[in-house]
Amino acid sequence: MSLRRYLRPCLLIGVLLTLYGCGEENQTETNSTGFAGLGQDADGFEHAQPSQTLIFPQDHSAHPDYRIEWWYLTANLEDADGEPLGLQWTLFRQALMPPSERPEPTPWAADQLWMAHMAISQGEQHQVAERFGRSHTQAEPSQLNDAQAGVIASPFHAWLDDWQLKTNEEANGTDFDHLTLTAYSGEDESRFGYTLELTAEGPLVLHGEEGFSQKAANGQGSMYYSQPFWQINGEVTINGETKAVSGHGWLDREWSSQLLDARQSGWDWFSIHLDDGHKLMAFQLRGGGDDGSAGVEHNADYRSGTWITPQGHATPLATDDITLTPLVTSAVAGRNVPTQWRLEIPSVAIDIIVDAPHANRWMTTSVPYWEGEVVVNDRASGEPLGEGYLEMTGY
Numbered sequence: 005m006s007l008r009r010y011l012r013p014c015l016l017i018g019v020l021l022t023l024y025g026c027g028e029e030n031q032t033e034t035n036s037t038g039f040a041g042l043g044q045d046a047d048g049f050e051h052a053q054p055s056q057t058l059i060f061p062q063d064h065s066a067h068p069d070y071r072i073e074w075w076y077l078t079a080n081l082e083d084a085d086g087e088p089l090g091l092q093w094t095l096f097r098q099a100l101m102p103p104s105e106r107p108e109p110t111p112w113a114a115d116q117l118w119m120a121h122m123a124i125s126q127g128e129q130h131q132v133a134e135r136f137g138r139s140h141t142q143a144e145p146s147q148l149n150d151a152q153a154g155v156i157a158s159p160f161h162a163w164l165d166d167w168q169l170k171t172n173e174e175a176n177g178t179d180f181d182h183l184t185l186t187a188y189s190g191e192d193e194s195r196f197g198y199t200l201e202l203t204a205e206g207p208l209v210l211h212g213e214e215g216f217s218q219k220a221a222n223g224q225g226s227m228y229y230s231q232p233f234w235q236i237n238g239e240v241t242i243n244g245e246t247k248a249v250s251g252h253g254w255l256d257r258e259w260s261s262q263l264l265d266a267r268q269s270g271w272d273w274f275s276i277h278l279d280d281g282h283k284l285m286a287f288q289l290r291g292g293g294d295d296g297s298a299g300v301e302h303n304a305d306y307r308s309g310t311w312i313t314p315q316g317h318a319t320p321l322a323t324d325d326i327t328l329t330p331l332v333t334s335a336v337a338g339r340n341v342p343t344q345w346r347l348e349i350p351s352v353a354i355d356i357i358v359d360a361p362h363a364n365r366w367m368t369t370s371v372p373y374w375e376g377e378v379v380v381n382d383r384a385s386g387e388p389l390g391e392g393y394l395e396m397t398g399y
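This is the structure in structure tokens:
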């Protein structure tokens, strides 16, 4: 390993630890910046606002004047034997300083930090990889092609080194509805990863107020949209074996400068594919559900979600529309993590049990969290209704 190759990840890990905090004590310590520092002040950055209008394909690209951003894919797949398999691929961007403080571009200067996560899960197997990169904001988008990491809107291309999600070469070069995902880690028998083709069979879905997703009662939030209608085909390598897979996926796009209220300790996020074609996104942020008024419970959780028809029509769900109740807690990586939930949304006649068949889906990354496949059953009858993904942070 060259000195340059060794120093780069060490320096980036140091930056991450400074930005987010890490280690066991950080999991229980209460501070004034919320989970992973996402509630800290963001003076000098752009802020997500309800009045903003999303524009495509431009908004598929990066927004470097905002502090944080991600491109987040989860997928529920099956192999040729019908055995379920889950996977995740995520590219994160973190601005290291407000736009007015950016240094002049040089080989040593960087104002954007990038992190990518990849995971494959099947049965008791759960393999995780992580990469880091850096870049400086370019005056001309064409200059991004030489960067270690970045995102280009058209033709769409998101990458960190050779991990990449990009427009399928057969899709006329500009189509966001037909993408190819490639990511591998390890060598020889320890190598794992995937090459997948993603085809959108429904429209993009804007969450919240036309894409502005409020995250706390005091009003801050993010710009947030999803593509929940991916059909996926390809191959996955795990435990030295390459197998054909197919199924469906969910891609989240989100950017903000102050995602959380400083009192919020973490979140529980659900993406669900129901067998009748409906989709459901629901989350709760633990804490920050009040506006700070006197006499109001200051530990209230803030909840939100979106009910999506098979045709892609989205209905926003407010805090009082959603009830989330943890039913079973599992010991995972030295923590107690809820792995079975009751989710109630009376306005759309939803009363379901969301269960993680395998508890060992802890992401052993620099900012650790739980992410894994779930199955959905009707609470009253036990009838299987669907499947999806669950992400939990701050435990």
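Position in the sequence shown counted from 1, then plus 4, gives you the numbering used here. Even for Gly, the Cβ is constructed at its ideal location relative to N, Cα and C.
Asked	Found
Would you say residue 65 reaches chain D, if we count a Cβ-Cβ gap shorter than 8 Å as a contact?	Any reference to chain D falls outside this structure, which holds one protein chain only.
Quick one: residues in its chain with C-beta nearer than 6 Å to the C-beta of residue 111, no 5 flanking neighbours on either side, listed in chain order?	none
Using DSSP with H/G/I as helix, E/B as strand and the rest coil, what is residue 53?	coil
Would you decide whether residue 78 is buried or exposed? Buried here means 16 or more other CB atoms lie within 10 Å of its CB.	buried
Have a look at the DSSP bridge pairing and note the partners of residue 354.	349
Cβ of residue 52 within 8 Å of Cβ of residue 189?	no
Can you say whether residue 356 is buried or exposed, counting buried as having 16 or more other CB atoms within 10 angstroms of its CB?	buried
Which ranges does the beta strand (DSSP E) cover as unbroken runs of at least 3 residues, wholly within the segment 224–270, from first to last along the chain?	225–242 and 245–260
Which stretch, first to last residue, makes up the beta strand (DSSP E) that contains residue 201?	196–204
Quick one, are the C-beta atoms of residue 122 and residue 75 less than 8 Å apart?	no
Can you pull the DSSP bridge partners for residue 274?	286 and 394
For residue 63, which three-state DSSP category applies?	helix
Mark residue 62 as exposed unless 16 or more other C-beta atoms lie within 10 angstroms of its C-beta, in which case mark it buried.	exposed
I'd like to confirm the pairing. Which residues does DSSP put opposite residue 377 in its beta bridges?	393
I need the boundaries of the beta strand (DSSP E) containing residue 80, first residue and last residue.	72–83
When the Cα of residue 282 is compared with those of 310, 359, 272 and 290, which residue comes out closest?	310
With DSSP collapsed to three states, give me the class of residue 325.	helix
Taking only the alpha-carbon atoms, compute the straight-line gap between residue 322 and residue 337 and give it to the nearest angstrom.	33 Å
Any idea which residues DSSP pairs residue 162 with across the strands?	155 and 169
If you follow the beta strand (DSSP E) that residue 95 is in, where does it begin and where does it stop?	88–99
Who pairs with residue 117 in a beta bridge, going by DSSP?	98 and 138
Whole-angstrom Cβ separation of residue 308 and residue 217, contact assumed at under 8 Å?	7 Å
Taking residue 46 as the reference, which of 72, 148, 58 and 55 has the closest Cα?	72
Helix, strand or coil for residue 385 per DSSP?	coil
Does the Cβ of residue 305 have 16 or more other Cβ atoms within 10 Å, making it buried, or fewer, making it exposed?	buried
What number of angstroms, rounded off, separates the C-alpha of residue 197 from the C-alpha of residue 124?	7 Å
Measure the CB-CB distance between residue 206 and residue 58 and report whether it falls below 8 Å.	no
Quick check: what's the CA-CA separation for residue 138 versus residue 227?	23 Å
Please name the residue, chosen from 90, 115 and 165, that lies closest to residue 130 on a Cα-to-Cα basis.	90
Name the residue from 154, 49 and 148 whose alpha carbon lies nearest to the alpha carbon of residue 104.	49
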